[in-house]
Amino acid sequence: MRKRVFSGARPTGRQHIGNYVGAIQNYVALQAEYDCIYCIVDIHALTTLEDTESIREDTHEMVLDWLAAGIDPQKSIVFVQSHVPQVMELHTLFSMVTPLSWLLRVPTFKEKVKMQPENVNYGLVGYPVLMTADITLYRGEVVPVGEDQLPHLELAREIVRRFNSLFGVVFPEPQGKLTNLPLVLGLDGVQKMSKSYDNQIEISASPEEISKRVMTAVTDPARKYRSDPGHPEICNVFRLHNFFTPARVEEIAVECRGARIGCVDCKKTLAESISLNLEPFRERRASLASKPGYVNEVLADGANRAEAIAEETITEVRRKMRLLQRSDLD
Ligand code: SF4
Numbered sequence: 000m001r002k003r004v005f006s007g008a009r010p011t012g013r014q015h016i017g018n019y020v021g022a023i024q025n026y027v028a029l030q031a032e033y034d035c036i037y038c039i040v041d042i043h044a045l046t047t048l049e050d051t052e053s054i055r056e057d058t059h060e061m062v063l064d065w066l067a068a069g070i071d072p073q074k075s076i077v078f079v080q081s082h083v084p085q086v087m088e089l090h091t092l093f094s095m096v097t098p099l100s101w102l103l104r105v106p107t108f109k110e111k112v113k114m115q116p117e118n119v120n121y122g123l124v125g126y127p128v129l130m131t132a133d134i135t136l137y138r139g140e141v142v143p144v145g146e147d148q149l150p151h152l153e154l155a156r157e158i159v160r161r162f163n164s165l166f167g168v169v170f171p172e173p174q175g176k177l178t179n180l181p182l183v184l185g186l187d188g189v190q191k192m193s194k195s196y197d198n199q200i201e202i203s204a205s206p207e208e209i210s211k212r213v214m215t216a217v218t219d220p221a222r223k224y225r226s227d228p229g230h231p232e233i234c235n236v237f238r239l240h241n242f243f244t245p246a247r248v249e250e251i252a253v254e255c256r257g258a259r260i261g262c263v264d265c266k267k268t269l270a271e272s273i274s275l276n277l278e279p280f281r282e283r284r285a286s287l288a289s290k291p292g293y294v295n296e297v298l299a300d301g302a303n304r305a306e307a308i309a310e311e312t313i314t315e316v317r318r319k320m321r322l323l324q325r326s327d328l329d
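For the sequence shown, numbering that gives the first Met the number 0 assigns the number 0 to the initial residue and increments by one for each residue that follows.
Pasting the structure below:
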């Protein structure tokens, strides 16, 4: 029996190379070993989003990227969180067994309070409860996580343990699959690559767009002239070569240190490598995008398959909680 993986991601629109070498390639690889459920968590996005104008398009573009990158909807369930409303019910039921003190001590909650003091909404504090509902509604057993997400998963496990001890065992305790996803810095070389910092390269970008973006990348700040020896170990362009030009990194490092290559040429090489690496992806994306309604079909099928699991779970939850069910009235 293959274990079930659950993972959710906010709808952030067209994905960038940081998402690609981090989460997406991992999602694709997990399909070989696990039954995977990949969810676009649009309700979670509302905890920090006040303007929802682009959420539909962002969902569509992100799913298109996922599918073109190799997430196979025949193998995996790909769906939108809000399309299976049973998750809201489970969230509410879990909220009754989750002490508020557990939620108030979550480090990311404290950070968010600092970041958006004008919008400390109820959803923000309940975020880990909804996340627990996401995983357990589909009886997710394995959750790919980075080190920074381990406290969230531990909280989910605590909520599950408490529910199971109060009402009887319904849920498996989800296990974290620690994944050392590489941190990809943006073109500024300082912040994590992110659309919100406008320092990203989209994986669907054309070769011309890739080249234009790479040319703006910050390099070794100490290298003012071409004749200055460079320090590849502190240069973000070099870090990106590690992902996209792995066969030539040693050579590039030597040429950089010996001032035998200029930063413009080095960036040209990087732009070509990124472009070449992503060529098959771009072709698949264009082909999928040319099929009208394809993404919607995948999401509709994903929602149906996810809801079948969800309905079974929530019925058992109601039964274990001894709630009078509508079906009892017949
Ligand atoms: S030559 Fe390349 S690795 Fe060296 S500083 Fe310039 S961009 Fe960075």
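The beta-carbon is built from N, C-alpha and C at its ideal position, and this holds for glycine as well.
Query                                                                                                                                                              : Result
Tell me which residue opens and which closes the beta strand (DSSP E) that K176 is part of.                                                                        : 174–177
With DSSP collapsed to three states, give me the class of R3.                                                                                                      : strand
How far does the beta strand (DSSP E) with C35 in it reach, from first residue to last?                                                                            : 34–39
Would you decide whether E201 is buried or exposed? Buried here means 16 or more other CB atoms lie within 10 Å of its CB.                                         : buried
Are the CB atoms of V316 and V169 within a distance shorter than 8 Å?                                                                                              : yes
Would you mind stating whether A252 and P220 have Cβ atoms separated by less than 8 Å?                                                                             : no
Which residues does DSSP pair with K191 in a beta bridge?                                                                                                          : L184
Name the one or two DSSP bridge partners that E250 has.                                                                                                            : Note: E250 sits in no beta bridge, so no partner.
For I76, list the residues DSSP reports as bridge partners.                                                                                                        : I36
Measure the CB-CB distance between V142 and A309 and report whether it falls below 8 Å.                                                                            : no
When you measure from the CB of G292 to every non-hydrogen atom of the ligand SF4, does any distance come out below 7 Å?                                           : no
Could you give the uninterrupted runs of the alpha helix (DSSP H) lying entirely in the region 262–318, keeping only those of 4 residues or more?                  : 262–288
If you compare alpha carbons, which of E153, P228, F162, M114 is closest to T97?                                                                                   : F162
If you reduce the DSSP assignment to three classes, tell me which class H15 lands in.                                                                              : strand
Once the 5 residues before and after L29 are set aside, which same chain residues still bring their CB inside 7 Å of it?                                           : V4, C35, P143
Check whether the Cβ of C35 lies closer than 7 Å to any heavy atom of the ligand SF4, and answer yes or no.                                                        : no
Which of the three DSSP states, helix, strand or coil, is assigned to A8?                                                                                          : strand
Closer than 6 Å by C-beta to R1: which residues in its own chain qualify, once you throw out the five before and the five after it? Chain order, please.           : Y33, D34
Can you find the residues in the same chain that come closer than 7 Å, C-beta to C-beta, to P106, ignoring five residues on each side of it along the sequence?    : P150
Any contact of the region 224–241 with the region 172–179, i.e. 3+ C-beta pairs under 8 Å?                                                                         : no
Within its chain, find whatever has a CB closer than 6 Å to the CB of S274; leave out the 5 residues flanking it on each side and keep chain order.                : P206, I209
Pick out whichever of R55, S94, K191 has its Cα sitting closest to the Cα of V128.                                                                                 : S94
Who are V144's beta bridge partners in DSSP?                                                                                                                       : L177
Work out the CA separation of S164 and R283 for me, nearest whole Å.                                                                                               : 48 Å
Go ahead and label D329 buried or exposed: buried means 16 or more other beta carbons lie within 10 angstroms of its beta carbon, across all protein chains shown. : exposed
Just list the residues that DSSP pairs E201 with in beta bridges.                                                                                                  : H15
Considering Cα atoms alone, identify which of E157, F166, A288 is closest to W101.                                                                                 : E157
What three-state label does DSSP hand Y196 in the structure shown?                                                                                                 : helix
Using 7 Å as the cut-off, classify the Cβ of F237 as near or not near the heavy atoms of the ligand SF4, replying yes or no.                                       : yes
With L149 as the anchor, note down where its alpha helix (DSSP H) starts and where it stops.                                                                       : 149–166
Please report the straight-line C-alpha distance between G17 and D64, rounded to a whole angstrom.                                                                 : 13 Å
Answer with buried or exposed for L154, where buried requires no fewer than 16 other C-beta atoms within 10 angstroms of its C-beta.                               : buried
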